[in-house]
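Colleague: Take 13 as the starting number for the sequence shown in this note's numbering and just add one per residue.
Just so you know, even glycine gets a beta-carbon here, dropped at the ideal spot from N, CA and C.
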Amino acid sequence: MSRCESIPSVRNTAAALFAVVVACNDDERLASHVLASELVARDGVAVHVERGAASAGVAYNRGLDATDAPYVIFAHQDVYLPPGWGARLSQAVAELDRADPSWAVAAPYGIEAGTGAGVGEVWSSSLGGLIGKPVAGPTPAQSFDELTIILRRASGLRFDPALPGFHLYGTDIVQQARAAGMGAYVVPLPLIHNDGFKDRLRSDFTRSYAYMRRKWRAVLPIKTPVARITWHGGNLRIDELRRHVSVRKRRERAITTEIDPKVYSARCGWE
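Here it is in structure tokens:
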């Protein structure tokens with residue numbers, strides 16, 4: 013298959029408003045998750061797939077350039093969007109437009125500005141089930157989990173192609189929005205992230221972390237869903253020690269990803 017392709021859509025309201033961009037290295041996961049979601053399979057929203065990019069920023073900027081929808085959904089290949097997700101997203105966009113016409117980005121899960129709490133209810137297989145405090149409406153964020161991010165094209169924001177690898181770009185895009193005086197919010201968009209267990213953070217995350225420390229030094233500390241970014245970076249080593257100590261318990265809590273994500277969605281009452 014080619015490095016990238018666009019999957020045709022039926023022109024309806026959702027298809028006119030939204031496009032999905034995925035950086036993919038596993039066609040089976042993509043087919044059983046994003047492409048099996050009602051938003052794509054029934055509502056006809058187009059999916060643009062990027063392959064072989066050196067970083068998330070490169071992949072997602074290519075996706076931005078290849079699509080023209082007003083709102084672009086950047087989703088992991090192992091994300092499943094439950095029935096009605098498109099209607100929920102349309103409602104969230106309308107609420108954001110009313111509350112903050114200059115909003116730039118939104119996400120189903122992230123770290124709340126001010127409190128540092130994980131907000132937005134989503135399912136994570138690697139963490140063993142539902143995570144995040146549910147939100148009733150747009151909630152200002154200081155960082156996003158990268159599982160799914162919605163960008164308002166009119167904001168003019170783009171992902172940083174110099175941020176190495178595939179980590180912390182959810183934090184970077186939030187901080188870009190805030191620096192430009194635009195809003196970044198967690199919104200109520202429950203979904204399934206059928207992600208595999210991660211025993212530790214590896215060198216690719218460390219490189220992303222170091223880049224973010226340099227880039228956003230003036231506004232540190234920033235709490236992310238994975239680690240707190242500080243000017244000295246010492247807390248990352250402490251966090252890694254905690255992960256090492258807790259690895260057995262975390263592995264036992266994680267659940268299989270080799271199952272139809274609709275099963276987990278039904279368990280949550282979302283089907």
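Have a look at the DSSP bridge pairing and note the partners of Thr160.
Modeller: BP columns for Thr160 point to Ala87.
Colleague: Pick out whichever of Arg262, Ala174, Tyr197 has its Cα sitting closest to the Cα of Pro120.
Modeller: Tyr197
Colleague: Leaving out the 5 sequence neighbours to the left and right, which residues in its chain are closer than 8 Å to Gly140 when beta-carbon positions are compared?
Modeller: Arg265, Ala266, Ile267
Colleague: So, for Glu50: in the same chain, excluding its five sequence neighbours on each side, which residues have a beta-carbon less than 8 Å away from its beta-carbon?
Modeller: Leu93, Pro94, Pro95, Gly96, Trp97, Gly98
Colleague: On the CB-based measure, 16 or more other CB atoms within 10 Å of its CB, does Trp228 come out buried or exposed?
Modeller: buried
Colleague: Does Lys227 come out as helix, strand or coil in the three-state DSSP assignment?
Modeller: Here Lys227 sits in helix by DSSP.
Colleague: Could you give the residue range of the alpha helix (DSSP H) that holds Tyr72?
Modeller: 68-78
Colleague: So is the beta-carbon of Glu124 under 6 Å away from any non-hydrogen atom of the ligand MN?
Modeller: Looking for the ligand MN in the displayed structure turns up nothing, as the structure carries no ligands at all.
Colleague: Quick one: what's got a C-beta closer than 8 Å to Thr218's C-beta in the same chain, skipping five residues either side?
Modeller: Same-chain partners within the cutoff: Leu248.
Colleague: Could you give the distance in angstroms between the alpha-carbon of Gly281 and the alpha-carbon of Trp243?
Modeller: Cα to Cα, Gly281 sits roughly 42 Å from Trp243.
Colleague: Compute the beta-carbon to beta-carbon distance between Pro150 and Glu107, rounded to the nearest angstrom, for a pair I have assumed lies under 8 Å.
Modeller: 6 Å
Colleague: Just to confirm, are Ile241 and Leu253 a CB contact at a threshold of 7 Å?
Modeller: no
Colleague: State the start and end residues of the unbroken beta strand (DSSP E) segment that holds Glu124.
Modeller: 122-124
Colleague: Look at the alpha carbon of Phe171 and the alpha carbon of Tyr72, and state the distance between them as a whole number of angstroms.
Modeller: 7 Å
Colleague: Can you give me the start and stop residues for the alpha helix (DSSP H) that Trp243 sits inside?
Modeller: Here Trp243 belongs to no alpha helix (DSSP H), and DSSP marks it neither H nor E.
Colleague: By how many angstroms is the C-alpha of Ala28 removed from the C-alpha of Ser138?
Modeller: For Ser138 and Ala28, the distance between alpha carbons rounds to 34 Å.
Colleague: Count the CB pairs spanning the segment 56-70 and the segment 113-133 that are closer than 8 Å, and state whether there are at least three.
Modeller: no
Colleague: What are the boundary residues of the beta strand (DSSP E) that includes Ser136?
Modeller: 134-136
Colleague: Would you kindly work out how many angstroms separate the C-alpha atoms of Arg23 and Val84, rounded to a whole number?
Modeller: Low confidence applies to Arg23: its pLDDT is 43, below 50, so where it sits in the model is not reliable, and the reading given next is rough at best. Roughly 16 Å separates the two Cα atoms.
Colleague: By the three-class DSSP mapping on this structure, what secondary structure does Glu270 have?
Modeller: Three-state DSSP puts Glu270 in coil, outside helix and strand.
Colleague: Can you tell me whether Ala106 is helix, strand or coil according to DSSP?
Modeller: The answer is helix: DSSP assigns Ala106 an H, G or I state.
Colleague: For the alpha helix (DSSP H) that Leu93 lies in, which residues bound it at each end?
Modeller: Counting along the chain, Leu93 falls outside any alpha helix (DSSP H), and DSSP gives it neither H nor E.
Colleague: Please report how far the alpha carbon of Met13 lies from the alpha carbon of His88, in whole angstroms.
Modeller: The predicted position of Met13 is uncertain, since its pLDDT is 40 and thus under 50; a value taken from the coordinates is nonetheless stated next. One C-alpha to the other measures close to 19 Å.
Colleague: Just to confirm the assignment: which complete beta strand (DSSP E) runs, minimum length 3, are found wholly within the segment 189-227?
Modeller: 196-198
Colleague: Using the Cβ count rule (16 or more neighbours within 10 Å means buried), how would you classify Arg15?
Modeller: Unreliable placement is indicated for Arg15, whose pLDDT of 47 sits below 50; the coordinate value is still reported in the next sentence. So Arg15 ends up on the exposed side.
Colleague: Select from Tyr276, His256, Ala31, Asp251 the residue whose C-alpha is nearest the C-alpha of Ala78.
Modeller: Ala31
Colleague: Compare the C-alpha of Ala174 against each of Arg165, Ser167, Asp184, Ala166 and name the closest.
Modeller: Asp184
Colleague: Could you compute how far the alpha carbon of Glu283 sits from the alpha carbon of Arg165?
Modeller: 30 Å
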